[in-house]
Each structure stands twice: as structure tokens, then as C-alpha cells.
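Presented below is the structure to which this report refers.
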Amino acid sequence: MEVLRVDRDRPDAAAMARAGAVLRSGGLVAFPTETVYGLGADARHAEAVARIYAAKGRPADNPLIVHVAELAGLAAVAASVPPLAGMLAARFWPGPLTLVVDAAEGLPPQTTGGLTTVAVRMPDHPVALALLAAAAVPVAAPSANRSGRPSPTSAAHVQADFDEDAVDLLVDGGPAGIGIESTVVDARGTDPVVLREGAVTREQLGGASAAASPASPGTRYRHYAPSCRVEVAPVGQGPRRAAALTRAGQRVGLVATAPGSAGVQTLAVVDDAADLGRRLYAALRAAESAGVDVVVVEGVPETGIGRAVMDRLRRAATASPSRYTQ
Ligand code: TXA
Ligand code: MG
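As C-alpha cells, then:
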């Protein structure tokens, strides 16, 4: 894949025009957002979107998020914009909130996963917004990782997951900001219903209710897991748990608020839940490279962004290789 390196805050206009043209002609472009890197295709181009599923090895019934650069983009892919969706978009866009609304006629089933609804968001990232404006088409983009793997928070993660010819262009705008994916809410009713925890917190949403199961189709699948075991330690207990596993003869990696003792490979020392969110996926990939048997990740309190971080952490730690039971 060709790599286009751009400045995060002032992406080169000619480079963005080229990347936009690749999208318009049915190509796949990986690009940074404020959450994680996305793998984009023209959301109205069935074959282009089908290539995303093939490249990722993604189940066909797991729909994609459509990315737009302006509010009119929502109206263009929605059957209509419910009042709640309009209100949430005005309040949180651009930003890490994905709105599920009834889909407009004519969107290919690849984009919607065969549902009658569509998920839409406006990312808060100068490179993503410039690319979407240059493409001038709605861009379907899941996280740019192979299905089941930790989401990519840098261009190097994208390169590590895909074959040379699977992706046409990789726009490298430096590290993603938040490191945890967007919050997905059903915006069709009178109150937002959270289908996937994410970077916009329940506190920010005003205590939105959780979805009755099933939530987002994607939350049924094994996710975010590196090839080694992941264990979640209680808050503050990471180094102690890592030491115990080391004494039991395991090679142990640690991600915690304090470094591990001798013999433990400390992969990241984090400040708080937001810092863990930024660094979690990179640390899981680093654990693989370090060749440890198990990576111990210290849990964080489940408030604010901590709720989404713990959701991802638990999924990464779930050993079951197939679907979650509902
Ligand atoms: O932050 C993000 O959301 C990143 C960046 C690239 O924007 N994208 C992302 O996409 O995380 P992906 O494909 O990894 O996750 C999309 C989630 C899945 O859980 C999917 O099931 C859900 O959104 N989703 C998509 N369309 C939906 C719909 N119509 N109804 C319910 N859930 C939907
Ligand atoms: Mg994903």
C-alpha cells in the first residue's frame, strides 16, 4: 500500500485531493480519526465496500459506520433525520458519537449489513475532515484492523494488519487521539440508547439508557484481542498480579499505573483511564511483539471514558474464539 504522510493539523490539499479521488473511483483508503484509524470506501459503491469486508475478514452481517464532513451528509444517507439525531449531531459533531437512524433507499446492503438502519458520524480530526471533503462522497469506514484484532491507533498498526495490495492508500496523520472507538447510539427514539460504549460518555449523554440486547451487531463478536492471553487485574492490583503470574513461571507483560517488579515486562505505565484508552491497543500489540504468555492490564474505575475502556478490555480478555452468547 502506498503511504501518504501528512501534517495532522494542516494536511496538504493536493495529497487530500488525490486520496479523495481514490475513494471516488472505488478504492480503499485508510485514514486517521480522533478515535482510531478507519479503512474507508465510498459508502454507495457496493464493490468497494465489499472489498473492505474481504480485506478485514469481517462477518457480512456487521454493518459499517458512514463518515461525513458536514450535517448535510447525514440527511443524504438517512431516510429522514429524527429530532433527537439532529440535536445530538448539533451538540457532539464533529466528534466520537455515531448515530443510528433509518437508512435512505439505495444504500448498498454491504454498508448497512442488510439492516434498514445506517450508522453515521462526523469525525473530529483535521485529516479525516479534509479527506471527506475532498472525496465528496459518504465514506463507509470500520476500524482499519483485521477483524478481531486490536483497533489501529497508528499508521504502523494498519500496515501490520494488511497485505500490500489489500489497501490502495494509507494516509498517515500521526497517532489517533482518543484511542477508543466512537459511542454508537440509536437516535430514532426520544432518548439516546447506547448500543456500543465509546469515547462520548454516558455522563455527557445525560445518563442515556443501555440497549436491551442485542446491541450493535459488532458487539457480538470477539474483538480487540492480541495473540497472547489478556487478563484484567482489579484497580491498583496490576503489578501484584503480574508478579504472581511471573512466580508461577509465566512470561508476563504489564500495563498498569505503576511499573512491575523484576522479571515482569512493563509495556506501559499509564496515568488514568483516558491515558489507558489512548495506549491500550498499542500496548496489546506490543505484548504480542514481546512474546509474553499473558498481558496483565490493570482495570480502571467505570466512570466517564473508563466505562468504554473496561468494555474493550473485557472483550480482549474473553477467551471464547467465536460469538458471544446473548
Ligand atoms: O470510532 C469509530 O467508530 C471508528 C472510526 C474509524 O470511525 N470506527 C469503528 O467502526 O469503530 P467499526 O466497524 O469497527 O465498528 C462499528 C460498530 C460495530 O459495532 C457495528 O456493529 C456498529 O458500529 N453499527 C454499524 N451500523 C449499525 C447499525 N445500523 N445499527 C447498529 N449498530 C451498527
Ligand atoms: Mg472495529
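Take 70 as the starting number for the sequence shown in the numbering used here and just add one per residue.
Ideal Cβ positions, reconstructed from N, Cα and C, are used throughout, including at glycine.
C-beta neighbour in chain D for residue i, strict 9 Å
i, result
"D76", "In the structure shown, chain D does not exist; there is a single protein chain."
Closer than 8 Å: residue i CB and nearest the ligand MG heavy atom
i, result
"E250", "yes"
"P80", "no"
"S220", "yes"
"S285", "no"
"S223", "no"
"P211", "yes"
"H226", "no"
"H136", "no"
"H292", "yes"
Residue i CB to nearest heavy atom of the ligand TXA below 8 Å
i, result
"R265", "yes"
"Y122", "no"
"V105", "yes"
"R190", "yes"
"V146", "no"
"T387", "no"
"R142", "Note on identity: in this sequence residue 142 is Gly, with Arg being the wrong assignment. Result no, Cβ not under 8 Å from the ligand TXA."
"T259", "no"
"A268", "yes"
"V253", "yes"
"G182", "yes"
"T167", "yes"
"D153", "The sequence given here has Leu at residue 153, not Asp. It does not: the Cβ of L153 is nowhere closer than 8 Å to a heavy atom of the ligand TXA."
"T102", "yes"
"P132", "yes"
"V187", "yes"
"T288", "yes"
Whether residue i touches residue j by CB criterion (9 Å)
i, j, result
"D130", "G95", "no"
"G242", "P165", "no"
"V254", "A277", "yes"
"M191", "A158", "yes"
"T69", "G248", "Any question about residue 69 goes unanswered here, given that the chain covers just 70 to 395."
"A225", "P101", "no"
"M85", "V72", "no"
"Y106", "S212", "yes"
"S251", "T167", "yes"
"A355", "V366", "no"
"A110", "A209", "yes"
"V187", "A197", "no"
Distance between beta carbons of residue j and residue i, contact taken as under 8 Å
i, j, result
"D232", "V98", "With 8 Å as the limit, D232 and V98 do not qualify as a contact, their Cβ atoms being about 16 Å apart."
"A88", "A203", "7 Å"
"G346", "L323", "With a Cβ gap of about 17 Å, G346 and L323 do not count as contacting."
"T180", "P132", "7 Å"
"P207", "V269", "The pair is not a contact, with the Cβ atoms about 21 Å apart (cut-off 8 Å)."
"A294", "G217", "6 Å"
"V170", "P152", "At roughly 11 Å, the Cβ-Cβ gap does not stay under 8 Å, so V170 and P152 are not in contact."
3-residue-minimum beta strand (DSSP E) runs that sit fully inside the stretch 71 to 144, ordered along the chain: 71 to 74, 98 to 100, 107 to 111, 134 to 136
Within the stretch 218 to 289, ranges of the beta strand (DSSP E) (whole runs, at least 3 residues): 238 to 241, 252 to 255, 262 to 265
Sequence ranges, alpha helix (DSSP H) only - wholly within the stretch 297 to 322, length at least 4: 307 to 316
Sequence ranges, beta strand (DSSP E) only - wholly within the stretch 313 to 388, length at least 3: 321 to 325, 334 to 338, 363 to 367
Sequence ranges, alpha helix (DSSP H) only - wholly within the stretch 155 to 218, length at least 4: 178 to 181, 195 to 204
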